[in-house]
Amino acid sequence: MESLVKYVQDEFVTKKDLPEFSAGDTITVYYEIKEGQKTRTQFFRGVVIQKRGTGSSQTFTIRKMSGTVGVERIFPINLPAIQKIEINKKGSVRRARIFYFRGLTGKKARIKEAIRK
């Protein structure tokens, strides 16, 4: 049964060519919002806390600070409203899911930038 689901996902779900990113990276997601008859593009810039799932059911969570309040948003990887994803900074973290990041504020909430080669 699982192989049948995987076959359908591979054949019929359209894949977007999005850049590779992981937990700790700072990214900007541009997505469309429909308001009545109009559509506009809005962006959400923050740190990737986690990526979970496989195939077409994969999602990623982004966290940003809006004033003093932390805001998190979960995006499915194959959401049709996503226009593009930009990687602003590659972060160097040791874990795949950085939930400890939620409790940090100020200078402690900085993530060291990864060395690019």
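Under the working numbering, the sequence shown has 35 at position 43, and the numbering climbs by one with no breaks.
Each residue gets a CB set at the ideal place from its N, CA and C atoms; glycine is no exception.
Beta-bridge pairing of residue i - partner residues as DSSP gives them
{"i": "Y23", "result": "Q34, I74"}
{"i": "F52", "result": "K43, F67"}
{"i": "T60", "result": "None, per the DSSP bridge assignment."}
{"i": "E12", "result": "Paired residue(s): none; E12 is not in a bridge."}
{"i": "K81", "result": "T18"}
Residue i versus residue j: straight-line alpha-carbon distance, rounded
{"i": "Q42", "j": "S48", "result": "16 angstroms"}
{"i": "G16", "j": "S(-5)", "result": "32 angstroms"}
{"i": "S58", "j": "P72", "result": "26 angstroms"}
{"i": "T53", "j": "K100", "result": "20 angstroms"}
{"i": "R65", "j": "R55", "result": "7 angstroms"}
{"i": "A106", "j": "T46", "result": "25 angstroms"}
{"i": "S84", "j": "S14", "result": "10 angstroms"}
{"i": "G95", "j": "R44", "result": "21 angstroms"}
{"i": "D9", "j": "E3", "result": "16 angstroms"}
{"i": "V40", "j": "E12", "result": "12 angstroms"}
{"i": "R86", "j": "R37", "result": "22 angstroms"}
{"i": "N70", "j": "K7", "result": "7 angstroms"}
Bounding residues of the alpha helix (DSSP H) (the contiguous stretch that carries residue i)
{"i": "K(-2)", "result": "-6 to 4"}
Close Cβ partners of residue i (< 6 angstroms) along its chain, the five nearest in sequence each way excluded
{"i": "P68", "result": "T51"}
Beta-carbon proximity list for residue i, same chain, < 7 angstroms, skipping 5 on both sides
{"i": "I79", "result": "P11, F13, D17, I19"}
Residues of its chain near residue i, where Cβ-Cβ distance is below 8 angstroms and the 5 sequence neighbours each way are ignored
{"i": "K30", "result": "none"}
Any chance the region 21 to 29 sits against the region 86 to 95, with 3 or more Cβ pairs inside 8 angstroms? No, because fewer than three Cβ pairs between the region 21 to 29 and the region 86 to 95 fall closer than 8 angstroms, the two stretches do not touch.
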